[in-house]
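Asks: Take this structure, written in structure tokens, and hold onto it; I'll ask about it next.
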Amino acid sequence: MNMTTFSHPTKDLRSFKVFTIEEGTVIDHIDAGQALNIIRVLNLASDDTIVTVGLNLPSKKLGHKDLIKVEFRNLTPEEANKVAIFAPHSSINIIHNYEVTDKFSVTVPTSIERLIVCPNPSCITNAEHMNTLFHVSNGGAHLKFTCHYCEKKFQHDDILEYRYS
Amino acid sequence: MSALSKEDIDRMSTLTREDILEELKTKIMSAPPQSPFLGKDIISIKELSREQIITVLNHAKSLKQTPQPELLKHKVMASCFFEPSTRTRLSFETAMTRLGGGVMGFADAGVTSTKKKETLYDSMKIIGQYADVIAMRHPAEGAARRAAEATDKPILNGGDGANQHPTQTLLDLFTIQECQGTLDGLNIALIGDLKYGRTVHSLAQALIHFNPTLSFVAPESLQMPSYICEDLNAHNISYSFYERIEDVMSQADIIYMTRIQGERFPDKMEYERVKDVYVLTKDMLAPAKPSMRIMHPLPRVNELKEEIDPTPHAYYFEQAHNGLYVRQALLGLVLGALHA
């Protein structure tokens, strides 16, 4: 590839970063650093679909953001809610024939089953083979996750491990 | 709702589906309201409303005044203590016995199938098939809630690790009401290890219903955790932080002492520095109101000098005694022998 042919490198490189897709879903305004978690939680890597990921893209709204494009797959509302756990400000764009046909904000679920491993080592969920359950509340700028069992409250940064499958 | 009699069933065989539905609806509507406590698990103090707390305390008061030795005749309580306990286990077992019920169980997980790696879920499912109600203590946080998923018999949480100990909180509230004549609008000082002490966490959360003024007296490293303070903020409860007991003595209606445990301190020098600061002596009580009462979940080590015991301020032994009546009230309520 001859890079010297670009007359306006910044503009042309950007077209590589966020090229359009024909059919599928674009998850935009993902908090920087959360895209890989979303790919895991939606199990996108093991699908046959083409997935394009942008990390740390400049964003007027967030400063930096991540972005995911999933070709030939529309996210269900349940899947969109899973996105909200990692990126509560993200938006979902449904693409049909290169056009945005639907756009909606994600909704943070009130509870999350199985996904979060309780960071409290003394929690019963870490002693028994069982599912976890967390209640989600929107405490100011950050989501808070309260373990249904040990009743401890956590923020995203406190959570060290997720169960993706 | 009462069960259908044979006559009911014979008569219904002659009726149309719509008639039967209408009749069932009438029966349900006219049935006496079920007590909200019947079959209820008592796992976390946060799940009890002000009205429910007051119901428990009223029944405890009645039971203290008038024993009911046959209230739970033919009922059986499983006493499942997976870790050591003195007051909680013995008062649960005595409470059941003094209400005429039977008690079975264990005081050491080492004698159970837990040693053979049986899960808590399986253990409690099986025990629930033998007993009508289960009182339990377990070192894992959330164990009581997990146990409640395993059995449809009511679980009374006697402590799940550092998490909840709701029956202790209820007996604390009962004691406060008993010695002050009210629970509302009191000035309550919580003193000692406020960071790790589950009794002070649960008590602060329960007091949210009674508009107290709270004073937290502790070394900075053992102060009340922020998540409890957030709960208090959300309910506009007034609280202040102090480092010296003397600073709260003259205003307090209740002094609630807890033990500072050396093993909690990562820095042993810090422990040596503060361990004698949170010791209550008789001399320190001079500015206290005559009605001020001292409570302590016990056991005490040296934070509460024995010279205080004969003073009118000492109320911790009565507090431990009250556990009996509060646990009797809970047993009667969850088994449907007492009503809300």
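Residue numbers (our numbering), protein chains in the order written: chain A, 87 to 251; chain B, 3 to 342. Glycine included, every Cβ here is placed at the ideal spot set by N, Cα and C. Owing to the predicted nature of the structure, the values given are computational and were not obtained by experimental measurement.
Closest by CA to L234 (chain B), which one among B:P86, B:K48, B:L17?
Replies: Comparing Cα positions, the closest option is B:K48.
Asks: P299 (chain B) to F176 (chain B), Cα distance in whole Å?
Replies: Distance between the alpha carbons of P299 (chain B) and F176 (chain B) is about 13 Å.
Asks: Within the same chain, show all residues whose beta-carbon is closer than 8 Å to that of L229 (chain A), passing over the 5 residues directly before and after it, in chain order.
Replies: Contacts found: I171, P174, V194, V222, S223, Q241, H242.
Asks: With a threshold of 16 other CB atoms inside 10 Å of the CB of G183 (chain B), please say whether the residue is buried or exposed.
Replies: With fewer than 16 other Cβ atoms within 10 Å, it is exposed.
Asks: Nearest CA to the CA of H1 (chain B): which residue from B:Q321, B:S125, B:F243, B:I210?
Replies: In the structure displayed, chain B extends from 3 to 342; residue 1 (chain B) sits before or after that span and is not available.
Asks: Counting only Cβ-Cβ distances shorter than 8 Å, please list the residues of the segment 213-226 of chain A near chain B, keeping chain order.
Replies: Within the segment 213-226 of chain A, the qualifying residues are A213, E214, H215, M216, G225.
Asks: To the nearest whole angstrom, what separates the beta carbons of L172 (chain B) and I178 (chain B), a pair I think is in contact under 8 Å?
Replies: In fact, because the Cβ distance is near 11 Å, the residues do not count as touching under 8 Å.
Asks: Which parts of the segment 64-112 of chain B are runs of the alpha helix (DSSP H), unbroken and 4 residues or longer, counting only runs that do not cross its ends?
Replies: Qualifying alpha helix (DSSP H) stretches, in chain order: 89-100.
Asks: Grouping DSSP H, G and I as helix and E and B as strand, with all else coil, what is F190 (chain A)?
Replies: Strand at F190 (chain A).
Asks: So the candidates are B:P314, B:K27, B:I262, B:V202; which of them puts its Cα closest to the Cα of S223 (chain B)?
Replies: The residue with the shortest Cα to Cα distance from S223 (chain B) is B:I262.
Asks: Would DSSP call T196 (chain A) helix, strand or coil?
Replies: T196 (chain A) falls in the coil class under three-state DSSP.
Asks: Skipping 5 residues on each side, what residues in its chain have a beta carbon closer than 8 Å to that of H94 (chain A)?
Replies: Its pLDDT being 49, under 50, H94 (chain A) is placed unreliably by the model, and the measurement read from it follows with that caveat. None.
Asks: Alpha carbon to alpha carbon, what distance is there between S197 (chain A) and M87 (chain A)?
Replies: Legend: pLDDT at M87 (chain A) = 44, less than 50; position of this residue unreliable, value from coordinates given subsequently. Roughly 49 Å between the two C-alpha positions.
Asks: Taking 7 Å as the CB-CB cut-off, is S197 (chain A) touching chain B?
Replies: Not one chain B Cβ lies under 7 Å of S197 (chain A).
Asks: Within the continuous alpha helix (DSSP H) that includes N304 (chain B), where are the two ends?
Replies: That residue, N304 (chain B), is in no alpha helix (DSSP H); it is neither H nor E in DSSP.
Asks: Could you tell me which residues DSSP pairs with S138 (chain A) in its beta bridges?
Replies: For the record, residue 138 (chain A) in the displayed sequence is Thr; it is not Ser. Looking at the DSSP assignment, T138 (chain A) forms a beta bridge with A:K155.
Asks: Give a yes or no on whether the minimum CB-CB distance between S176 (chain A) and chain B is below 7 Å.
Replies: No, S176 (chain A) lies away from the interface with chain B (no Cβ there is under 7 Å from its Cβ).
Asks: Tell me whether the segment 111-121 of chain A and the segment 133-150 of chain A touch, counting them as touching only if at least three CB pairs, one residue from each stretch, are closer than 8 Å.
Replies: These segments touch.
Asks: My output table needs one value for A316 (chain B): the three-state DSSP class, helix, strand or coil.
Replies: Three-state result, A316 (chain B): strand.
Asks: Going by DSSP, what residues sit across from L158 (chain B) in a beta bridge?
Replies: Answer by DSSP bridge pairing, in chain order: B:I44, B:A137.
Asks: Mind checking if R19 (chain B) is an interface residue toward chain A, Cβ cutoff 7 Å exclusive?
Replies: It does not: the Cβ of R19 (chain B) has no partner Cβ on chain A nearer than 7 Å.
Asks: Strictly under 7 Å for the Cβ-Cβ distance: is A150 (chain B) near chain A by that measure?
Replies: No, A150 (chain B) does not count as interfacial toward chain A.
Asks: Using beta carbons (cut-off 7 Å, strictly below), is I113 (chain A) in contact with chain B?
Replies: Chain B contact via Cβ: absent.
Asks: In angstroms, rounded to a whole number, what distance separates the CA positions of L335 (chain B) and A342 (chain B)?
Replies: Cα to Cα, L335 (chain B) sits roughly 7 Å from A342 (chain B).
Asks: Could you say which of A:E108, A:V112, A:I125 lies nearest to F190 (chain A) if we only look at CA atoms?
Replies: Minimum Cα distance to F190 (chain A) is reached at A:V112.
Asks: For chain E, find out if any of its Cβ atoms is closer than 7 Å to the Cβ of E109 (chain A); answer yes or no.
Replies: Here the protein chains are A and B, and chain E is not one of them.
Asks: What are the uninterrupted segments assigned as alpha helix (DSSP H) that are 4 or more residues long and contained completely in the segment 183-267 of chain B, given in chain order?
Replies: DSSP runs (the alpha helix (DSSP H)) wholly in the segment 183-267 of chain B: 200-209, 228-236.
Asks: Check whether the Cβ of E237 (chain A) lies closer than 7 Å to any Cβ atom in chain B.
Replies: So yes, E237 (chain A) belongs to the interface.
Asks: Would L340 (chain B) be called buried (16 or more neighbouring beta carbons within 10 Å of its own) or exposed?
Replies: Result: buried.
Asks: Span of the alpha helix (DSSP H) holding D124 (chain B)?
Replies: Run containing D124 (chain B): 122-132, per the alpha helix (DSSP H) assignment.
Asks: K238 (chain A) and N206 (chain A): beta carbons closer than 7 Å?
Replies: For K238 (chain A) and N206 (chain A), yes; Cβs fall inside 7 Å.
Asks: Residues of chain A with CB closer than 7 Å to the CB of Y229 (chain B), please, in chain order.
Replies: In chain order: K239.
Asks: Let me see if you follow: with CB-CB separation under 7 Å, is I210 (chain A) close to chain B or not?
Replies: Yes, I210 (chain A) counts as interfacial toward chain B.
Asks: Are any of the Cβ atoms in chain A nearer than 7 Å to that of G104 (chain B)?
Replies: Cβ-Cβ to chain A under 7 Å: no for G104 (chain B).
Asks: Pick helix, strand or coil for K119 (chain B), following the three-state DSSP scheme.
Replies: DSSP places K119 (chain B) in coil when its eight states are reduced to three.
Asks: Pull up the CB-CB distance for L65 (chain B) and Q330 (chain B), whole angstroms please, since I reckon it's below 8 Å.
Replies: Correct: roughly 5 Å between the Cβ atoms.
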